[in-house]
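Only one structure is covered here, and it is reproduced in the block below.
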Amino acid sequence: MPRIIITEPGKSPQPYRLKLDRAETRIGRGSDNDILIEAGSASTNHCVMKRISGGFILEDLDSTNGIKIDDTRFRIIDLTDQLTVRIGDDVSLEFTLTEEELAELDQEDFTPQQQGLLPKSKPAPEPEKEEASEAFLEEPEDDDDWDDDEEEQDDYRPSTQKKAAKSGGMNGLLFFLLALLAIALGFYIRHYQDVLSKPPAPTEAPAQPTESTPSE
């Protein structure tokens, strides 16, 4: 029968003999476990030893302090002959098999089950927002710089909305003045054409003197 020895701080080692065909053996501080542990680092339902084809495994039951080999935490550990596993922080479990048990297990197909416990992933930090460059927060002091280099104008456009709005307003005012001038010019031309199209007023002929006949 497989043998395990549980050693707790301040206590004598406790040996346990298990049947080779025993399916599960639960270990923890809760009274419903098959092997009870009183150490505070052990959870109520800490781990379970399972019989699988070709051997045994020790599986962690989401305990607080886990199961470890040489300070490395695992979710599942393949139990081999004379292996020592730490339960929690200060409880050790020694697993041994007899020669007859090893020979019997060698006749079975064994698939390794051991799995390390990956650290819980932390959310990726949000990328820091870069502060806007001062060049984009201040308008150029000299307007001539905008005419010298078109590429520089493109670089400053995100921060020159006020300048664009002002330029658009002046263009609108100029268009309005030109429209008024065109309307006034149209009225003037129409008035001039009306004057030219009217026929000149007829002038009265001067009265012709009538011939008087001499009186007899």
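For the sequence shown, the residue numbers in my numbering are 7 to 222. Note that beta-carbon positions come from the ideal geometry of N, C-alpha and C, so glycine has one too. From a predicted model like this one, the values you see are computed outputs, not experimental measurements.
- Boundaries of the beta strand (DSSP E) around Glu-100: 97-102.
- Distance between Gly-192 and Phe-181, taken at the CA atoms: about 16 Å.
- Setting aside the 5 residues that flank it on each side, Phe-116 is surrounded in the same chain by Ile-58, Ser-59, Gly-60, Gly-61, each with a C-beta closer than 8 Å to its C-beta; the list follows chain order.
- Leu-108: not part of any beta strand (DSSP E); member of the alpha helix (DSSP H) spanning 105-112, first to last residue.
- DSSP places Ile-83 in the strand class (E or B) of the three-state scheme.
- Bounds of the beta strand (DSSP E) holding Lys-56 are 53-58.
- Beta-bridge pairing by DSSP links Glu-30 to Lys-56.
- When only Cα atoms are considered, Met-176 and Ala-185 end up about 14 Å apart.
- Per the Cβ contact rule, the stretch 10-25 is in contact with the stretch 89-100 (3 or more Cβ pairs under 8 Å).
- For Glu-65, the uninterrupted beta strand (DSSP E) segment begins and ends at 61-66.
- Taking Ile-82 as the centre and dropping the five residues before and after it, the same chain places the C-beta of Ile-63, Leu-64, Glu-65, Asp-66, Gln-119, Gln-120, Gln-121 closer than 8 Å to its C-beta, in chain order.
- The alpha-carbon of Arg-92 is positioned some 5 Å away from that of Lys-74.
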